[in-house]
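**Q** Protein chains in written order, with the working numbering: chain F, 12 to 534; chain Y, 12 to 534; chain H, 975 to 1419; chain R, 975 to 1419.
Note that CB positions come from ideal geometry on N, CA and C, so glycine has one too.
If you're wondering where the values come from, they're calculated on a predicted model, not measured in any experiment.
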Amino acid sequence: MANPTGWKPSMEKAAAAPAEAPEVGAGGATRGLAYEEPLLFERGSAGERMGVSLPPVQAGADLASDLPSELLRGPIAELPALFELEVVRHFTRLSAWNYGIDTGFYPLGSCTMKYNPKSSEALARLPGFANAHPLLPEELAQGSLELMWKLERALSEISGFAATTLTPAAGAQGELCGVMMIRAYHLSRGNARRKVLIPDTAHGTNPATSALNGYEVVQLASGPDGRLHPEAVRAAMDEDVAAIMITNPNTLGIFESHIAEIAEIVHAKGGLVYGDGANLNALLGVARPGDMGFDVMQFNLHKTFATPHGGGGPGSGPVAVTEALAPFLPLPVVAREGERFRLVQSERERPQSIGKLREFHGNFGMFVRAYALIREYGPEGLRATGQLAVLNANYVRAKLKDVYHLPFETDSLHEVVFTDKALKPSGVTTMDVAKRLIDHGFHPPTVYFPLVVPGALMIEPTETESKETIDRFVTAMRDVADQVKTDPEGVKAAPEKPVRARLDETRAARKPVLRWRPGMKVD
Amino acid sequence: MANPTGWKPSMEKAAAAPAEAPEVGAGGATRGLAYEEPLLFERGSAGERMGVSLPPVQAGADLASDLPSELLRGPIAELPALFELEVVRHFTRLSAWNYGIDTGFYPLGSCTMKYNPKSSEALARLPGFANAHPLLPEELAQGSLELMWKLERALSEISGFAATTLTPAAGAQGELCGVMMIRAYHLSRGNARRKVLIPDTAHGTNPATSALNGYEVVQLASGPDGRLHPEAVRAAMDEDVAAIMITNPNTLGIFESHIAEIAEIVHAKGGLVYGDGANLNALLGVARPGDMGFDVMQFNLHKTFATPHGGGGPGSGPVAVTEALAPFLPLPVVAREGERFRLVQSERERPQSIGKLREFHGNFGMFVRAYALIREYGPEGLRATGQLAVLNANYVRAKLKDVYHLPFETDSLHEVVFTDKALKPSGVTTMDVAKRLIDHGFHPPTVYFPLVVPGALMIEPTETESKETIDRFVTAMRDVADQVKTDPEGVKAAPEKPVRARLDETRAARKPVLRWRPGMKVD
Amino acid sequence: MRYHPHTPDEIRDMLAAAGATSLDDLFRSIPDALKLKRPLDVAPALDEISLFAELRRIAARNATEHPPFVGAGAYPHHVPPVVDQLLLRGEFFTAYTPYQPEVAQGTLQALFEWQTFVCLLTGMDVANASMYDGASSTAEAALMATRATGRSKVVVSAAVHPEYRRVLRTYLAAMRDEVVVVPYGADGRTDLTALEREVDGRTAAVIIGYPNFFGVVDALPEAARIAKKAGALSIAVTSEAVALGLLKGPGELGADVATGTFQSFGNGLQYGGPAPGFFAARESILRQMPGRLCGATRDKHGRRGFVLTLSTREQHIRREKATSNICTNAGLCALASTIHLALLGRNGLAHLARLNHARGRELRAAMERAGFGLRFSGPTFNEMAFEVGDAEAVVSRLAQRGIAAGAPLARWYPDDPRMKGALLCVATELHTPELIELFARSVRG
Amino acid sequence: MRYHPHTPDEIRDMLAAAGATSLDDLFRSIPDALKLKRPLDVAPALDEISLFAELRRIAARNATEHPPFVGAGAYPHHVPPVVDQLLLRGEFFTAYTPYQPEVAQGTLQALFEWQTFVCLLTGMDVANASMYDGASSTAEAALMATRATGRSKVVVSAAVHPEYRRVLRTYLAAMRDEVVVVPYGADGRTDLTALEREVDGRTAAVIIGYPNFFGVVDALPEAARIAKKAGALSIAVTSEAVALGLLKGPGELGADVATGTFQSFGNGLQYGGPAPGFFAARESILRQMPGRLCGATRDKHGRRGFVLTLSTREQHIRREKATSNICTNAGLCALASTIHLALLGRNGLAHLARLNHARGRELRAAMERAGFGLRFSGPTFNEMAFEVGDAEAVVSRLAQRGIAAGAPLARWYPDDPRMKGALLCVATELHTPELIELFARSVRG
Ligand SMILES: Cc1ncc(COP(=O)(O)O)c(C=O)c1O
Ligand SMILES: Cc1ncc(COP(=O)(O)O)c(C=O)c1O
């Protein structure tokens, strides 16, 4: 095999070096065998090799006869020719370079990285669900429709709203859907309005979503306690404001306790209150956005309801609304008629609908998993989820606040944000701490977000982590803080254990290499 | 977490050490993150934690009432109390300490470590197969019976025998079954006879099996060409010899070309010829033991027909026989009556049967996989399997015979045996070479077997390995041979990369610690 | 609770450490008036055995015994079991967006391989790390075109998937961008004269299906030429990506952007989602692209590695100035496609595409034998519209036998009299010749 | 061929390197007369899609909709999906016997955990790394007893699983060891007076079921005492290991050896195999034990690790003097049990056992309501024999409804008139109260 990954074979040299047991981190991290693996395109043979077993093509299926020859292509030369075992080894080895929830603690703030139940995978693969075509005649798809209808009802109850659409593909599309409905609502009353108010703690998708809807974003400063204050809203609120987008608890893990008053202020001027539900995990069974003055809210089903999204997705972003906004829900809508269910697909039946957001009905595969989780938890389980998520975060906070700077003394709910302020003298940054945690055996927290907190370290343990695990994480965080004092360079040199040391992001952006090409070089 | 695995946390020290990229072996082996993991029993909480979700026990199910109280036990104190994610992480991390076929090349001679198709796993899990109870009324188990009947037919054809039993659990039980039938055959003619002839190249299960049947083992020396010679057999053969057990090709990967003459000699004195079919992979579609004078032979289905046996099993050891031995086949036997199949269970129908070897009908789960493979291969695929297995072994042989000592110049079939003779001066042994291969990224070959070859290195690539893979393995073997010259200590220090360096086997045997106990110590 | 590790003792200790008197006390920052005073009104908890029984009951209410003869944007294909067994590996399955590249090289290299597969099949220079689906990907392409060209008119062929067009309208509504639809001809291809007429100096993008909604291989080269002449971007939309194993990539035919879905590779039907939307374009448009991008770089020892890059386009940095609001994408679905494409490779993809085309021809022949002609005369891949008289009646009749017959085109084209009897059907490697014959006969009834 | 990587060119090059002129030439060491001159007469090759169709057809000929009410050595239990998803991890699934411990620590630690689970449940000191199944494990125990005691008589209770006894006879036949069967009483327990009479100075082992074949908790402590008095080893056989979550381990009750299967933990029915046989014993017998043993040790850096040990007992070293000929065992099945037991743990196992016992009582109550009494008066766990009149008739009648009713005991005890109407039935966590009620009513008909 050539040497595309740039490692230098050097067996003799290294072998001669004195053998010693590698360091072991608080999370048990040590070193073991790993394997360099070239790109698929750098593998395989020039020949007829193939990793699938397909039926033969009937002889005499002469293509030219019915397809324009100028549009035909032969086999794509740059594609590799691999056999099944080669592919199995490739992905088995690649996977070992990854860290997932199944590997260990993954306190990535704002992402609610909780355990994804394996049962759900078996359920989502039941042939009736997995093989259902989205355009099945309704009488052949009653199972899908029943499940969607029941999930909609459950989500409406959990969030305290009148109705829910399951369609959106992820949180951001849920936001898009919600703001579109807000816009449609205002339009229906004559004027779409121009502005959307967004606190400075908000996730980037909030302003981006507003912009996509043609709204001008007015950023509101949070108070010294990390909360949005009524005054700030009152000052910015006017008849030209379509809505305010609030995340509650916000991205600092702090409950926006003035939410009711803020909602009043906004409603008084005819505006609507959008709830970014990405942090709903904190409130499950304890409080409901629909009871706080929110008019519309998206769920991040893949976070709060534990649907797998390995590598960055898929998500699912259902949107719940009040009665007033229900007419604007996107299509399709599942309607129940006795024991039968049907899909309302046409604007003729829902003239005020904002229309369609997906080619079909949403990420059904995720609906199955989320519904299964809700059914296994029941009311008590859901409430315990919120309570234990908040307990874990507060425990971490209590155990670390003496060594890491806590920018806000305000109560935390499901996550806690620290900063690298205390480490500054040593020159060690949040990024260094994050990388050093890898050598201890933990996935780093979210870093440098929210933007209002310089050097933020955002820790969200979730309810599926045990006290033992959190105690080990706390030990690691404290070890790193100690090491910053004794050996800052050691911290900056991290990580040492993974198959790759710190990667050069500047180089990647300066000369983008975004795909393989024959003879590809990275320099 | 305590520190049961004996590693020394030492983050500062090691982190301060100069960072450098680790060596990379010819098989791509490098180092990456791994995780120390305590025993299950060293984990978990003292409380009510549980990793399963079970229905409640109806209240008022008062045990004492109908079970003798002196026999009742409470929860077993030493068992751990874990939750699902904890268990998932435990086994995910443990698995990463392993090397399997899916990880890389696994040339473990005599074990035929070929790719285990993933399709077979999906097929074996079809509810109709997976959930079938062995005592299902026959009319409800026609699927299982049809599959067994068809597999029996296919195996009989592939091996060239009249009939096959699927019952035995593995190769060794297949041998047991075969020798029992031989014994029953002789008994039926008045005398069980006393001895079994076994060449010195035989696998340990052959003599062990004979002994289990009360036979005295007479070992025959192979000739200088690694073959058993007719003279040796003629000299040892008499009316007291029940059978000769021959592995063909033998464990040197050499075809016993005198097999026909040897069979004649044995048959002439009323003896039978047993074939150890563990190496059948070499002959698939090319030659058939049934055509060579063998009277009975076991298959190692889990090897030749690629059924998974992770960690040491399960196996499956069907036995094929000639017409003459068919009456002695163990029970059950699958009988076909038109489109219906039934199990012959009773000695009344098969008075000469040796009886039962398993509580039920054999390892059915393995039958599904083996049958699927045979169906996907068809005649051409089976023949190609034998041919390519032999091609790979001969290619390895050609590429290494100048650096490793080849004890026999005789043609090889599916595997090749080298020795460490050429390395002796340096003090490096076969075991050292094996361990050093690990650092290169390969599973070591079988070592020190067969016993007739001092320091044997037994390499069986199988047909599912590509030329590229074998070329990398050859490079590794040659690198090691070179290193032996320049740096023998480096080779003896191997392996360096796995989570564990060389383990102390003497210590393990001197003071056996074979299970966890509270406060367990290893010293 | 198998997912909740906390024992009563641990809860007590942790509360003490956190200085709280009870679990409720942790929520003191929530005004009492805003708290829920009752248990949620959702069904009671189920143990795993009952859960499986209940979901099996629900799943059994779907009829999925036979492969559907309907495609129309979602295609029934065989997914080799090896794909799912690799996909389920926890290290892939339970990792999120690779924000920390040193512990996400597996995800990142696989994304880099995905981006390469998308480029090779579409004939484009660059591709992103995936989109929600084909429709939103196409809508984002249109938005990108309006940004890139500073123009606001989007011209779309009526032969582009109608649901894609609905999503396009939803996305563009807010920007008050103008969507103009041009008709198709009797061959099922876009009417080029009409297109030529509509595309002008105000046109930002021309959108055309390839193959289009009718399964017809539309006039992409011509459409691209018309767009280029007017300084507009041409966007080719593909929902049956298997076709790209037989047909040239949109990039080779002059398209500037290629969008659609790779659902056909490694992703089952799942009642319509999730599946990986793809987005590919020419190098020149790179910095206008939505979504995540994975790029190659080196680590401090000089070893090649991968990272997310050019993120200054994205919402988490650029906020309201971002090229899109997309954050979570369809990573796992993209991985499934990547694994399936790796298995197919050069030879398998070509074979699969030929096979699908051949099955399409068998369907056509069988339907003709049964007395049903083609609705459109244009060239097709594995999907085509037949003239069956009363399409809705056929669908209900076959539904009674548990067969999904096809998509009655009149549902989307109520005003086009030609569509009254048009039934859109597909045949793939899953539809054996016997099954196809049976189907054609049942359509006749 | 997706499993054969070789291209024609590679084959050519490799043949050249090997100095062979053709693939056939590689087999020149096989005399021509011994070669097969024709293609094998097996069915032609199938592509994956056709393969799945064919095996689905075959699987569909089995009726497995309802959980069977028959146990008799194989028990229907719920296996949480997480077990299988972990088991399928390639590093476990495709590794073999851990001959090279440095690259097999995963397998080895899991085996060490398995051995510990077996010891904890059986109350024994040591356990091996698994056996083929319960029957062969029991037979090997008897052989071990004859070796250890130098005696040749094996006394076995007629209430031990009849198929186990058949296997025992097969295994002992060659050694001319003598097997004596002692009867059971009206309570379904071993007749202790008869046992006392049979066990003498020539007796190597006493074998008794726990619970026995009738589901009855047999008189193990008494039997063990009788054996000990005569200097024989007592062997307790358990096929429904869930019972050990509620009943004391055989070791606690005086047994010297415990054998049986852990199929109930993590291993499905699979028409009877594979499943992990277990073998546990007192420390004193350690060196007489068959099978592989995993032990703890340290590596050169002092870190704890695991290896296969005491292999001087085994065939690959001792050859004809080995304690057994077993080589490949049931490793993967033992891993499945280990994972399931880890999930169950202290609390889950106790709960599962109580639940099974409770379901057994519900079955008994339902059958009594339906008019069917117990055949035996002895205490039972989750399985018991009912008096149903014509047992075979009941079985065929319920088979027509796709239900596996139970095991008619007369099949194994044709000469015992008491067994004529005896039907052995089981109820586990899979048999809901509703299902049990329905079953009892259908038995009545
Ligand atoms: C607070 C917040 N809002 C919105 C989003 C966007 O959700 P998604 O990534 O599902 O589009 C996220 C996810 O990162 C988030 O953390
Ligand atoms: C030559 C030979 N014979 C017999 C056996 C025994 O087969 P099994 O391990 O399936 O019992 C083996 C397996 O190691 C073998 O290699």
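Could one say the Cβ of K129 (chain Y) lies closer than 8 Å to chain H's Cβ atoms, at least one of them?
**A** By this cut-off, K129 (chain Y) is an interface position.
**Q** Grouping DSSP H, G and I as helix and E and B as strand, with all else coil, what is F266 (chain Y)?
**A** In this structure, F266 (chain Y) counts as coil in the three-state DSSP scheme.
**Q** With a threshold of 7 Å on Cβ separation, who are the neighbours of G139 (chain F) within its own chain once the five nearest residues in sequence on each side are excluded?
**A** Hits under 7 Å: G154.
**Q** Tell me whether the beta-carbon of G322 (chain Y) lies closer than 8 Å to the beta-carbon of G1305 (chain R).
**A** yes
**Q** Find the nearest neighbour of P472 (chain F) within the set F:V190, F:T421, F:C122 and F:Y415, judged by alpha-carbon distance.
**A** The shortest C-alpha separation from P472 (chain F) is found at F:C122.
**Q** Please confirm if A247 (chain F) has its CB atom under 8 Å from at least one CB of chain H.
**A** no
**Q** Going along chain R, which residues have a C-beta under 8 Å from V63 (chain F)?
**A** R976 and E1022
**Q** Do you know how far the Cα of R513 (chain F) is from the Cα of A25 (chain F)?
**A** Low confidence applies to A25 (chain F): its pLDDT is 43, below 50, so where it sits in the model is not reliable, and the reading given next is rough at best. The alpha-carbon atoms of A25 (chain F) and R513 (chain F) are separated by roughly 21 Å.
**Q** According to DSSP, is I1259 (chain H) part of a helix, a strand, or is it coil?
**A** helix
**Q** State whether the segment 390 to 402 of chain F contacts the segment 189 to 205 of chain F, with contact taken as three or more CB pairs (one from each stretch) at a distance under 8 Å.
**A** no
**Q** Residue ranges of each alpha helix (DSSP H) run of no fewer than 4 residues wholly in the segment 203 to 273 of chain F, ordered along the chain?
**A** Listed in chain order, the alpha helix (DSSP H) runs fully inside the segment 203 to 273 of chain F are 216 to 223 and 241 to 247, counting runs of at least 4 residues.
**Q** Do you know offhand how far E1342 (chain H)'s Cα is from S1370 (chain R)'s?
**A** About 50 Å.
**Q** Please confirm if G324 (chain Y) has its CB atom under 8 Å from at least one CB of chain F.
**A** no
**Q** Give the single residue among H:N1321, H:F1355, H:K1295 and H:R1375 whose Cα lies nearest to the Cα of S586 (chain F).
**A** Any property of residue 586 (chain F) remains undetermined from this structure, which presents chain F solely from 12 to 534.
**Q** Is H214 (chain Y) near ligand 2 - that is, is its Cβ less than 7 Å away from at least one heavy atom of it?
**A** yes
**Q** For the alpha helix (DSSP H) containing G1384 (chain H), name the first residue and the last one.
**A** Note that residue 1384 (chain H) is Ala in the sequence shown here, rather than Gly. Per DSSP, A1384 (chain H) belongs to no alpha helix (DSSP H) and is neither H nor E.
**Q** Give the straight-line distance between the Cα atoms of L291 (chain F) and T1283 (chain H), rounded to the nearest whole angstrom.
**A** 30 Å
**Q** For P509 (chain Y), go through chain F and note every residue whose CB falls closer than 7 Å to its CB, in chain order.
**A** Within 7 Å of the CB of P509 (chain Y), the CB atoms of chain F belong to G43 and L44, in sequence order along the chain.
**Q** When the distance is taken between beta carbons, is K1127 (chain R) closer than 8 Å to A1178 (chain R)?
**A** yes
**Q** Measuring only the C-alpha atoms, how far is V439 (chain Y) from A990 (chain R)?
**A** 32 Å
**Q** Exposed or buried, which one is D306 (chain F) when buried takes at least 16 other CB atoms within 10 Å?
**A** buried
**Q** Using only the heavy atoms of ligand 1, determine whether one of them is closer than 7 Å to the beta carbon of D1058 (chain H).
**A** no
**Q** Is D287 (chain F) near ligand 1 - that is, is its Cβ less than 7 Å away from at least one heavy atom of it?
**A** yes
**Q** CA-CA distance, R1415 (chain H) and A1344 (chain H)?
**A** Distance between R1415 (chain H) and A1344 (chain H), taken at the CA atoms: about 6 Å.
**Q** Output yes if chain R places a C-beta closer than 8 Å to the C-beta of K24 (chain Y); else output no.
**A** In this predicted model, K24 (chain Y) has a pLDDT of only 43, less than 50, meaning its place in the structure is not dependable; the value taken from the coordinates is given anyway. No, because no Cβ of chain R sits closer than 8 Å to the Cβ of K24 (chain Y).
**Q** Along chain Y, in chain order, which residues have C-beta atoms closer than 8 Å to that of T473 (chain F)?
**A** Correct list: empty, because the minimum Cβ distance to chain Y is about 10 Å.
**Q** Assign G1175 (chain R) to buried or exposed, taking buried as 16 or more other Cβ atoms, counted over all protein chains shown, within 10 Å of its Cβ.
**A** exposed
**Q** Nearest to A1339 (chain R) by alpha carbon, out of R:L1326, R:R1328, R:F1360 and R:A1327?
**A** R:F1360
**Q** Taking DSSP's pairing of strands, which residues face C1093 (chain H) in a bridge?
**A** Note: C1093 (chain H) sits in no beta bridge, so no partner.
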